[in-house]
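Structure first, then comments.
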Amino acid sequence: MMPNPVLERFGRPFRLGLAGGAPPSLIGPVHRTASVMDQRFQLVAGVLSSRPERALTEGRAAGLAEDRCYASVEAMISGEARRPDGIEAVAIITPNDSHARYVRLALEGGLDVMVEKPLCNDLGEALALADLARRTGRAVALTHTYSGYPMIRDMRARIEAGEIGQIRLVQVDYMAGGLATRVEDAPDAARRWRLDPAVSGPSLVLGDIGTHAHHLVGFVTGERLASVSADVGTLMPGRRVHDIAQVRFRLGNGARGRIDACNAAAGASNQVSLTVYGETGHLRWEHRHHGRLVQANLDGDIRIIGSGQPNLTDMAKAATRLMRPGHPEGLQEAVANLYCGLADEMLARRGLAPAAATLTPSIADGVAGLAFVEACLASSAAGGAHVELATHG
1 MMPNPVLERF
11 GRPFRLGLAG
21 GAPPSLIGPV
31 HRTASVMDQR
41 FQLVAGVLSS
51 RPERALTEGR
61 AAGLAEDRCY
71 ASVEAMISGE
81 ARRPDGIEAV
91 AIITPNDSHA
101 RYVRLALEGG
111 LDVMVEKPLC
121 NDLGEALALA
131 DLARRTGRAV
141 ALTHTYSGYP
151 MIRDMRARIE
161 AGEIGQIRLV
171 QVDYMAGGLA
181 TRVEDAPDAA
191 RRWRLDPAVS
201 GPSLVLGDIG
211 THAHHLVGFV
221 TGERLASVSA
231 DVGTLMPGRR
241 VHDIAQVRFR
251 LGNGARGRID
261 ACNAAAGASN
271 QVSLTVYGET
281 GHLRWEHRHH
291 GRLVQANLDG
301 DIRIIGSGQP
311 NLTDMAKAAT
321 RLMRPGHPEG
331 LQEAVANLYC
341 GLADEMLARR
351 GLAPAAATLT
361 PSIADGVAGL
371 AFVEACLASS
381 AAGGAHVELA
391 THG
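Going by the UniProt record's numbering, the residue at position 148 of the sequence shown is 148; the numbering climbs one at a time, nothing skipped.
Right, here's the structure in full:
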């Protein structure tokens, strides 16, 4: 078990409310488990469905008291504000088009926030939320899940330490097969909202998985994307949402890179890979083997670095619960690491911990993700012309 500064310094877990996540949601059960895994948070309230009767049923099934199973996010925030034991943070895992409204309500209600990516569907909205977060002094964390994996953090630490020299090239592949057939003809509940651009946003593939790839690049390299040349569209004739994005980019240090993201890759099951090439070698990570990192150098030596090994960097060790090789951790532990970062920010604001930078993605990362989406769409509309990414301080 990881050390728990929340119990040590605050005396109890922070009280958490949950918006969204009822079945058939994939990510709902992950958040319910991950948020409480390290006892930094206790799930005490929720509105798990937009249908009131189902919200009550699913809330009870999640172990919530009946009077804390709410019919709407507005009701939860106002109702909890009247309680002496009300929630102190909220996790928002609802469809994309509702993120901005719910994040705004939470911040105005004095709550810290964990929100699923993308932050929202519009860059202007994202900037307004970032301004509101600054004015309220509350933290907004973003669920870019892959940044919570120990070996991704190990990659970041090794790049920071100069183990592969100056970065020259970055390649990211994110292949998923959920839209490889005409799911529009009989969509299940989990896919239905994703197929509506009014809900999923201006580009499904970029908002859904492209922002994950974009965040991974910046997270491990420490460099921001300076410009993009993109081709965004659909592999399925007649589809209303984008399902493929091919992006070439330049980093701030001049390095080159590419992101290939597709929701309609037949036979693919969430295949994510990241390779960073430097002057003296490269590092490669694959989601299907998330507990290992491959390091290769100029003379041909190849090294496999595994989770739980004693030679991990401190950054990776701090994100690992089972420090023994052969005992794998996974998606829920990665998300739990993001919740730990949010809890650290909440402690620091209360003066119970030093104000240190957290590895959990922030609202600034959410803004950067929307700037990436906007630039890619502008580039694609201009036939792949290079478009510079706007910077927002």
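Just so you know, even glycine gets a beta-carbon here, dropped at the ideal spot from N, CA and C.
In terms of residues, what are the limits of the alpha helix (DSSP H) holding residue i?
i: Cys340; result: 331–349
i: Thr57; result: 52–61
i: Ala385; result: Element bounds for Ala385: n/a, residue is neither H nor E.
i: Thr360; result: It is not in any alpha helix (DSSP H) - Thr360 carries neither H nor E in the DSSP assignment.
i: Thr221; result: 211–221
i: Val103; result: 99–108
i: Ile159; result: 150–160
i: Glu125; result: 123–136
Using 9 angstroms as the threshold, is the C-beta distance between residue i and residue j below it?
i: Val205; j: Asp97; result: no
i: Ser25; j: Pro52; result: no
i: Ala255; j: Gln309; result: no
i: Val387; j: Leu123; result: no
i: Glu88; j: Leu16; result: yes
i: Gly46; j: Tyr70; result: yes
i: Trp285; j: Met175; result: no
i: Val272; j: Asp173; result: yes
i: Ala245; j: Ala266; result: no
i: Val30; j: Val335; result: yes
i: Leu347; j: Ala226; result: no
i: Tyr149; j: His290; result: yes
Taking the DSSP output, what are the residues bridged to residue i?
i: Tyr174; result: Ala261, Val272
i: Gly46; result: Leu18, Cys69
i: residue 455; result: No information on residue 455 is available, as it lies outside the stretch 1 to 393 that the chain covers here.
i: Ala91; result: Leu18, Met114
i: Asp231; result: Gln246
i: Arg256; result: Leu169, Arg250
i: residue 469; result: No answer is possible for residue 469: it lies beyond the span of the chain, which begins at 1 and ends at 393.
i: Ala75; result: Answer by DSSP bridge pairing: none, since Ala75 is not bridged.
i: Phe41; result: Phe14
i: Leu225; result: Leu251
Please work out which residues of its chain come closer than 7 angstroms, Cβ to Cβ, to residue i, disregarding the five sequence neighbours upstream and downstream, and give them in chain order.
i: Asp154; result: Leu293, Ile305, Leu312, Thr313, Met315, Ala316
i: Leu359; result: Ser147, Arg153, Gly341
i: residue 412; result: Past the edges of the chain, shown from 1 to 393, lies residue 412, and the structure says nothing about it.
i: Arg156; result: Phe219, Val220, Met315
Grab me the residues of residue i's own chain with a C-beta within less than 6 angstroms of its C-beta, minus the 5 sequence neighbours each way, in chain order.
i: Arg258; result: Gln171, Arg248
i: Leu179; result: Asp243, Asn263, Ala264
i: Leu48; result: Gly21, Ala22, Ala55, Glu58, Gly59
i: Trp193; result: Pro95, Val199
i: Leu370; result: Leu123, Ala126
i: Arg191; result: Val183
i: Asp112; result: Ala89, Arg138, Ala139, Met346
i: Leu274; result: Val172, Leu216, Trp285
The beta strand (DSSP E) spanning residue i covers which residue range?
i: Leu293; result: 292–297
i: Gly306; result: 302–306
i: Leu142; result: 140–143
Who are the near neighbours of residue i in its chain, counting only those whose CB is closer than 8 angstroms to its CB and skipping five residues on each side?
i: Pro3; result: none
i: Pro13; result: Val6, Leu7, Val36, Gln39, Arg40, Phe41, Gln42
i: Ala353; result: Pro5, Arg9, Asp344, Leu347
i: Thr320; result: Pro150, Ser307, Gly308, Leu312, Glu329
Does the segment 234–244 come close enough to the segment 130–140 to have 3 or more Cβ pairs within less than 8 angstroms? no
Below 8 angstroms, how does it come out for the segment 27–35 and the segment 363–381: are there three or more Cβ pairs, yes or no? no
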